[in-house]
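Inspection log for the structure reproduced underneath, given as C-alpha coordinates.
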Amino acid sequence: MSRATGASGGLLGAGAVISCPHGGRATTAAPSDSTVLMDGHPVATAAHAYVVTGCPHTVDGVPEPCVSVRWTAGSTGVTAGGSPVLLDISAAECFTAAFVPQGPPVVQADRRKVTVR
(Lines of atoms letter the chains of each structure in order from A and count residues from 1; the text may use other names and numbers.)
(Lines give C-alpha, C1' and ligand atoms only; values in the text may rest on other atoms or scores of the structure.)
Protein backbone atom coordinates (compact mmCIF):
# COMPACT_ATOMS: atom_id res chain seq x y z
CA MET A 1 0.00 0.00 0.00
CA SER A 2 1.42 3.39 -0.90
CA ARG A 3 0.39 6.79 0.40
CA ALA A 4 0.60 10.52 -0.22
CA THR A 5 -0.89 13.56 1.52
CA GLY A 6 -4.12 15.28 2.33
CA ALA A 7 -7.20 13.13 3.04
CA SER A 8 -8.82 10.99 5.66
CA GLY A 9 -11.85 8.76 5.72
CA GLY A 10 -13.14 5.30 6.45
CA LEU A 11 -11.58 2.58 4.32
CA LEU A 12 -14.13 0.59 2.31
CA GLY A 13 -13.86 -3.17 2.44
CA ALA A 14 -16.08 -6.18 1.89
CA GLY A 15 -18.08 -5.27 5.01
CA ALA A 16 -19.26 -1.92 3.66
CA VAL A 17 -22.98 -1.63 2.92
CA ILE A 18 -23.47 0.45 -0.22
CA SER A 19 -26.83 1.31 -1.73
CA CYS A 20 -28.17 3.59 -4.44
CA PRO A 21 -30.12 6.70 -3.36
CA HIS A 22 -33.37 4.74 -3.85
CA GLY A 23 -32.45 1.73 -1.70
CA GLY A 24 -31.01 -0.72 -4.25
CA ARG A 25 -28.01 -2.76 -3.06
CA ALA A 26 -24.60 -2.18 -4.68
CA THR A 27 -22.06 -5.01 -4.71
CA THR A 28 -18.78 -5.64 -6.49
CA ALA A 29 -19.20 -7.35 -9.84
CA ALA A 30 -16.13 -9.55 -9.44
CA PRO A 31 -14.02 -10.74 -6.54
CA SER A 32 -10.98 -8.66 -5.73
CA ASP A 33 -7.44 -9.85 -6.22
CA SER A 34 -6.13 -7.18 -3.84
CA THR A 35 -3.47 -8.38 -1.44
CA VAL A 36 -4.37 -5.62 1.02
CA LEU A 37 -6.87 -7.06 3.49
CA MET A 38 -9.12 -5.62 6.16
CA ASP A 39 -10.44 -8.22 8.61
CA GLY A 40 -9.47 -10.90 6.08
CA HIS A 41 -11.36 -9.30 3.18
CA PRO A 42 -9.87 -7.27 0.29
CA VAL A 43 -10.13 -3.50 0.45
CA ALA A 44 -12.24 -1.86 -2.25
CA THR A 45 -10.43 0.02 -5.01
CA ALA A 46 -11.44 2.27 -7.90
CA ALA A 47 -10.69 -0.68 -10.20
CA HIS A 48 -13.73 -2.57 -8.87
CA ALA A 49 -16.96 -2.46 -10.84
CA TYR A 50 -20.12 -2.17 -8.73
CA VAL A 51 -23.56 -3.35 -9.84
CA VAL A 52 -26.85 -2.28 -8.28
CA THR A 53 -29.76 -4.67 -7.81
CA GLY A 54 -33.23 -4.02 -6.47
CA CYS A 55 -33.46 -0.30 -7.26
CA PRO A 56 -37.17 0.64 -7.31
CA HIS A 57 -36.71 4.08 -8.97
CA THR A 58 -39.29 5.11 -11.57
CA VAL A 59 -39.84 8.26 -13.65
CA ASP A 60 -43.47 8.96 -14.56
CA GLY A 61 -44.30 5.32 -13.80
CA VAL A 62 -41.52 3.97 -16.04
CA PRO A 63 -38.78 1.95 -14.31
CA GLU A 64 -35.43 3.79 -14.38
CA PRO A 65 -33.41 1.76 -11.87
CA CYS A 66 -29.83 2.35 -10.90
CA VAL A 67 -27.68 -0.48 -12.29
CA SER A 68 -24.12 0.61 -11.61
CA VAL A 69 -21.90 2.78 -9.43
CA ARG A 70 -18.85 4.57 -10.77
CA TRP A 71 -16.24 5.77 -8.32
CA THR A 72 -13.92 8.72 -8.77
CA ALA A 73 -11.02 8.00 -6.48
CA GLY A 74 -9.70 11.21 -5.02
CA SER A 75 -6.10 12.22 -4.78
CA THR A 76 -5.51 10.46 -1.46
CA GLY A 77 -2.47 8.74 -2.94
CA VAL A 78 -3.35 5.52 -1.12
CA THR A 79 -3.25 2.54 -3.47
CA ALA A 80 -3.63 -1.22 -3.29
CA GLY A 81 -2.35 -3.27 -6.19
CA GLY A 82 -1.76 -0.05 -8.14
CA SER A 83 -5.38 1.15 -7.87
CA PRO A 84 -6.62 3.92 -5.57
CA VAL A 85 -8.44 2.57 -2.49
CA LEU A 86 -12.00 3.70 -1.85
CA LEU A 87 -12.86 5.65 1.27
CA ASP A 88 -16.32 6.50 2.57
CA ILE A 89 -15.57 10.05 1.37
CA SER A 90 -14.68 8.94 -2.20
CA ALA A 91 -16.84 10.56 -4.88
CA ALA A 92 -19.22 8.27 -6.72
CA GLU A 93 -22.35 8.36 -8.86
CA CYS A 94 -25.10 5.81 -9.53
CA PHE A 95 -26.24 5.34 -13.14
CA THR A 96 -29.11 3.79 -15.09
CA ALA A 97 -28.48 1.31 -17.91
CA ALA A 98 -28.54 4.33 -20.27
CA PHE A 99 -25.81 6.01 -18.15
CA VAL A 100 -28.17 8.64 -16.74
CA PRO A 101 -26.79 9.89 -13.40
CA GLN A 102 -29.09 9.13 -10.47
CA GLY A 103 -27.19 10.57 -7.53
CA PRO A 104 -24.46 9.45 -5.16
CA PRO A 105 -24.55 6.10 -3.40
CA VAL A 106 -25.18 5.84 0.32
CA VAL A 107 -22.19 4.28 2.10
CA GLN A 108 -22.34 2.68 5.53
CA ALA A 109 -18.70 1.70 5.90
CA ASP A 110 -17.03 -0.39 8.52
CA ARG A 111 -15.44 2.06 10.89
CA ARG A 112 -11.80 1.50 9.97
CA LYS A 113 -10.14 4.89 9.83
CA VAL A 114 -7.34 5.68 7.40
CA THR A 115 -5.50 8.97 7.62
CA VAL A 116 -3.02 10.06 5.00
CA ARG A 117 -0.50 12.70 6.09
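For the sequence shown, the positions run 13 to 129 when my numbering is used.
Positions of the beta carbon are idealized from the N, C-alpha and C atoms, including for glycine.
Under 8 angstroms between the Cβ atoms of residue i and residue j?
{"i": "E105", "j": "P96", "result": "no"}
{"i": "A59", "j": "A28", "result": "no"}
{"i": "G21", "j": "D100", "result": "yes"}
{"i": "V118", "j": "P33", "result": "yes"}
In three-state DSSP terms, what is residue i?
{"i": "C32", "result": "coil"}
{"i": "P54", "result": "strand"}
{"i": "A59", "result": "coil"}
{"i": "T91", "result": "strand"}
{"i": "V81", "result": "strand"}
{"i": "V119", "result": "strand"}
{"i": "L99", "result": "strand"}
{"i": "L24", "result": "coil"}
Around the C-beta of residue i, are 16 or more other C-beta atoms found within 10 angstroms, so that it is buried, or is it exposed?
{"i": "G25", "result": "buried"}
{"i": "T84", "result": "exposed"}
{"i": "P68", "result": "exposed"}
{"i": "P54", "result": "buried"}
{"i": "V64", "result": "buried"}
{"i": "A109", "result": "exposed"}
{"i": "Q120", "result": "exposed"}
In the DSSP output, which residue or residues are listed as bridge partners for residue i?
{"i": "P75", "result": "T70"}
{"i": "F107", "result": "S80, P113"}
{"i": "A38", "result": "I30, V64"}
I think residue i touches residue j, with their Cβ atoms under 8 angstroms apart; what is that distance to the nearest whole Å?
{"i": "A92", "j": "A61", "result": "Not really, about 16 angstroms apart at Cβ, beyond 8 angstroms."}
{"i": "V79", "j": "F107", "result": "7 angstroms"}
{"i": "G36", "j": "P75", "result": "Incorrect: roughly 12 angstroms between the Cβ atoms, too far for contact."}
{"i": "V71", "j": "I30", "result": "About 23 angstroms separates the two Cβ atoms, so there is no contact after all."}
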